[in-house]
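Q: From first to last, the protein sequence lines are chains S and C. Here this note's numbering is used: the first residue of the first sequence is 1, the next is one more, and so on. Here this note's numbering is used: the first residue of the second sequence is 1001, the next is one more, and so on. Have a look at this one.
Protein chains: 2
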Amino acid sequence: MRLIHHVDELRAALADAREAAFVPTMGNLHEGHIGLVDIARRHGGPVVVSIFVNPLQFGAGEDFERYPRTLAADCARLEAAGADIVFAPDVDQMYPEPQTFTVLPPLADQLCGAHRPGHFQGVATVVLKLFNMVRPRYAVFGKKDYQQFFLLDGMVRQFNLPIVMLAGETTRATDGLALSSRNGYLAPDERAEAPRLYRLLRAAAGRLAAGERDFTGIESETATALTARGWRVDYVSIRARATLLAPTGDSRELVVLAAAHLGATRLLDNIEVDTPAP
Amino acid sequence: MRLIHHVDELRAALADAREAAFVPTMGNLHEGHIGLVDIARRHGGPVVVSIFVNPLQFGAGEDFERYPRTLAADCARLEAAGADIVFAPDVDQMYPEPQTFTVLPPLADQLCGAHRPGHFQGVATVVLKLFNMVRPRYAVFGKKDYQQFFLLDGMVRQFNLPIVMLAGETTRATDGLALSSRNGYLAPDERAEAPRLYRLLRAAAGRLAAGERDFTGIESETATALTARGWRVDYVSIRARATLLAPTGDSRELVVLAAAHLGATRLLDNIEVDTPAP
Chain S
1 MRLIHHVDEL RAALADAREA AFVPTMGNLH EGHIGLVDIA RRHGGPVVVS
51 IFVNPLQFGA GEDFERYPRT LAADCARLEA AGADIVFAPD VDQMYPEPQT
101 FTVLPPLADQ LCGAHRPGHF QGVATVVLKL FNMVRPRYAV FGKKDYQQFF
151 LLDGMVRQFN LPIVMLAGET TRATDGLALS SRNGYLAPDE RAEAPRLYRL
201 LRAAAGRLAA GERDFTGIES ETATALTARG WRVDYVSIRA RATLLAPTGD
251 SRELVVLAAA HLGATRLLDN IEVDTPAP
Chain C
1001 MRLIHHVDEL RAALADAREA AFVPTMGNLH EGHIGLVDIA RRHGGPVVVS
1051 IFVNPLQFGA GEDFERYPRT LAADCARLEA AGADIVFAPD VDQMYPEPQT
1101 FTVLPPLADQ LCGAHRPGHF QGVATVVLKL FNMVRPRYAV FGKKDYQQFF
1151 LLDGMVRQFN LPIVMLAGET TRATDGLALS SRNGYLAPDE RAEAPRLYRL
1201 LRAAAGRLAA GERDFTGIES ETATALTARG WRVDYVSIRA RATLLAPTGD
1251 SRELVVLAAA HLGATRLLDN IEVDTPAP
């Protein structure tokens, strides 16, 4: 496995690669990321993993500074997982000049976008840059960041990038908590409380699967149950999977998404659910 | 020479091309475009020319509908000029779904951007799409659309596209008028008046080359001279070539840009000028 820090060296290493499979990450890797690497290995090669904490997608007061940087441990895990290239640029490699060109995605004021202004613009921009450096045939992202996957999939399609997007299912701890680099921020009592998010999403999904269509009621009851346990809820939202907009009368393929803060830590989760025909 | 209308066929034709040279156009080709094809041929191959009148870069009330479509004549010229592939997609090929992802360029409120809201966003977006379809090694644009070249060059750099941008000098009629597809809109008396734009820009550039630094004075006198002859001036502006912003005290490499309407036709021109050290 090669560790590469510079764009020119990366391009040279991949000059003849036509089937590269790419997993962009911010590092601090856990089993969820390794699952994405496994998907990449099954589809193409070489397997390229990028590790870059992208300042463009963090807002003022967010956790850019304290986001964990664990390159040596990450490389050890990736080597064991069978990655071929780790691309770990510094900020000057990615942004040698102020980034005045950006990708403007839709749904920027929806869900996480409503609570993190500019976040998805920053995500889409850095991913486009990374795609143009790596030029992969396959790219793998986790479904835990559901809106992110939805948007990047749309970006690939609408910008005509010749990339096959692959989604990895969310990896969970045995108690159901979605694995996330940010789980490391949780104090022990918070960690014990954290799986409630997924439990409540499953309960909401169960009601939808049973045919309930009172979306607003289910959303507000779920949010209230979190608030009662000390969570600060950004949103609980039921959306149509095809559009990530509110379901219409005949939407059957839904997803329940939530973002909520437990102490100083913001947690995300979601669950897809197919609902019965009327 | 192959005429291709579909993206899939284009990708197949270019699957093994590593040195393609690309000239994006809106068709209605003139000698200026052929000069760009010549540049493309000298740098790489196959030479790919796209012909697409991009609705995304036209504002309400602009000339999208009446913009001349002359595909058969264009193909004849391109075959004679040695192009290998003409890519002429229809709107559904380029935009099979509403384009909700766009490229947001800087300087969008400057120069032509101030008078054509959304224009450069539309240009950058369609050019990024075309780049991702053609995947050229070289791309050629004319300097007559100076701000466009400046922006696309910045987009390639900031989005890390592995493309070498090549600029073609403006081709002019013997009386100095910059060749443009829109010149065909001019009535005979307007065509006789039109070269004044370039003459006045040359006069302004001459004053700068002689050491004058009263940029505002030169701009307003040039604009007044046009207005006096019946032009409706969008802008006459002296800018630093490195930034396309107003020159600072030590800017030496300048460009004088203008856009003005003669009757119903909007004409653009510019001239680069190096100014003496103080």
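Each residue gets a CB set at the ideal place from its N, CA and C atoms; glycine is no exception.
DSSP state of Phe1022 (chain C), grouped into three classes?
A: Looking at Phe1022 (chain C) - three-state DSSP - the assignment turns out to be strand.
Q: Taking Cβ to Cβ, would you say Leu1151 (chain C) is nearer than 9 Å to Phe1120 (chain C)?
A: Taking 9 Å as the Cβ cut-off, Leu1151 (chain C) and Phe1120 (chain C) qualify as a contacting pair.
Q: In three-state DSSP terms, what is Thr216 (chain S)?
A: If DSSP states are grouped into helix, strand and coil, Thr216 (chain S) belongs with the helices.
Q: Could you give the first and the last residue of the continuous beta strand (DSSP E) run that contains Tyr1138 (chain C)?
A: Element bounds for Tyr1138 (chain C): 1138-1142.
Q: If you compare alpha carbons, which of C:Met1165, C:Val1164, C:Val1123, C:Leu1200 is closest to Asp1175 (chain C)?
A: Residue C:Leu1200 is the option with its Cα nearest to Asp1175 (chain C).
Q: Would you say Met26 (chain S) faces chain C, with C-beta separation under 9 Å as the test?
A: Output row for Met26 (chain S): interface = no.
Q: Would you say the beta carbon of Pro276 (chain S) is closer than 8 Å to some non-hydrogen atom of the ligand NAP?
A: Among the ligands in the structure shown, none appear at all, so the ligand NAP cannot be discussed.
Q: Just tell me which of C:Ala1021, C:Gly1035, C:Ala1073 has its CA closest to the CA of Asn1028 (chain C).
A: Of the listed residues, the one whose Cα sits closest to Asn1028 (chain C) is C:Ala1073.
Q: In whole angstroms, what is the alpha-carbon distance linking Thr1216 (chain C) and Ile1238 (chain C)?
A: Spanning the two alpha carbons is a distance of roughly 8 Å.
Q: Return the Cβ separation of Leu1262 (chain C) and Leu1186 (chain C) in integer angstroms, given the expectation that the two are a contact with Cβ distance under 8 Å.
A: So it is a contact: roughly 7 Å between Cβ atoms.
Q: Can you tell me which of the three DSSP states Thr125 (chain S) falls into?
A: Reduced to three states, the DSSP call for Thr125 (chain S) is helix.
Q: Of all Cβ atoms in chain S, is any one closer than 9 Å to the Cβ of Glu1097 (chain C)?
A: Yes, contact with chain S.
Q: If you measure from the beta carbon of Ala1124 (chain C) to each beta carbon in chain S, is any gap under 9 Å?
A: So yes, Ala1124 (chain C) belongs to the interface.
Q: By DSSP's criteria, Val53 (chain S) is part of a beta bridge. Which residues make up the other side?
A: Paired residues: none, contrary to the question.
Q: When DSSP labels each residue in this structure, what does Arg191 (chain S) get in the three-state scheme?
A: Helix, per DSSP.
Q: Report yes or no: do three or more beta-carbon pairs, one from the stretch 88-100 of chain S and one from the stretch 46-53 of chain S, lie closer than 8 Å?
A: These segments touch.
Q: Here's the rule: buried if 16 or more other CB atoms are within 10 angstroms of the residue's CB, otherwise exposed. What is Thr1125 (chain C)?
A: So Thr1125 (chain C) counts as buried.
Q: Quick one: which residues of the stretch 1044-1056 of chain C get their C-beta closer than 7 Å to a C-beta of chain S? List them in chain order.
A: Within the stretch 1044-1056 of chain C, no residue has a Cβ that lies closer than 7 Å to any Cβ of chain S.
Q: Along the chain, which unbroken stretches of the beta strand (DSSP E) at least 3 residues long are found entirely within the stretch 1226-1267 of chain C?
A: The stretch 1226-1267 of chain C contains these whole beta strand (DSSP E) runs: 1232-1240, 1253-1262.
Q: Taking just the CA atoms, how far does Pro106 (chain S) sit from Gly122 (chain S)?
A: Taking the straight line joining both Cα atoms gives about 13 Å.
Q: Say whether the stretch 161-173 of chain S touches the stretch 131-146 of chain S, bearing in mind that this needs 3 or more beta-carbon pairs closer than 8 Å, one atom from each stretch.
A: The stretch 161-173 of chain S, when compared against the stretch 131-146 of chain S, does touch it at the 8 Å Cβ threshold.
Q: Along the stretch 61-92 of chain S, what residues have a CB closer than 7 Å to any CB found in chain C?
A: Cβ contacts with chain C: none found.
Q: Would you check if the distance between the CB atom of Gln147 (chain S) and the CB atom of Gly118 (chain S) is smaller than 9 Å?
A: The answer is no: Cβ separation not under 9 Å.
Q: Under the three-state reduction of DSSP, which class applies to Asn132 (chain S): helix, strand or coil?
A: Asn132 (chain S) falls in the helix class under three-state DSSP.
Q: Output yes or no for whether 9 Å exceeds the beta carbon distance between Gly1168 (chain C) and Gly1142 (chain C).
A: Closer than 9 Å, so yes.
Q: Using a Cβ-Cβ cut-off of less than 9 Å, list which residues of the stretch 233-256 of chain S approach chain C; keep chain order.
A: From the stretch 233-256 of chain S, no residue has a Cβ closer than 9 Å to chain C.
Q: If you compare alpha carbons, which of C:Ala1277, C:Asn1160, C:Ala1264, C:Leu1254 is closest to Thr102 (chain S)?
A: The option with the nearest alpha carbon to Thr102 (chain S) is C:Asn1160.
Q: Output yes or no for whether 9 Å exceeds the beta carbon distance between Ala81 (chain S) and Arg116 (chain S).
A: Not closer than 9 Å, so no.
Q: At a Cβ threshold of 9 Å, is Met133 (chain S) touching chain C?
A: Yes - at least one Cβ of chain C is within 9 Å of the one on Met133 (chain S).
Q: Using a Cβ-Cβ cutoff of less than 8 Å, which residues in the same chain neighbour His1006 (chain C) once the five nearest sequence positions on both sides are dropped?
A: Excluding positions up to five away in sequence, the list reads Pro1089, Gln1093.
Q: Is the stretch 229-244 of chain S touching the stretch 255-275 of chain S in the sense that three or more CB pairs, one from each, lie closer than 8 Å?
A: Verdict: yes, contact present.
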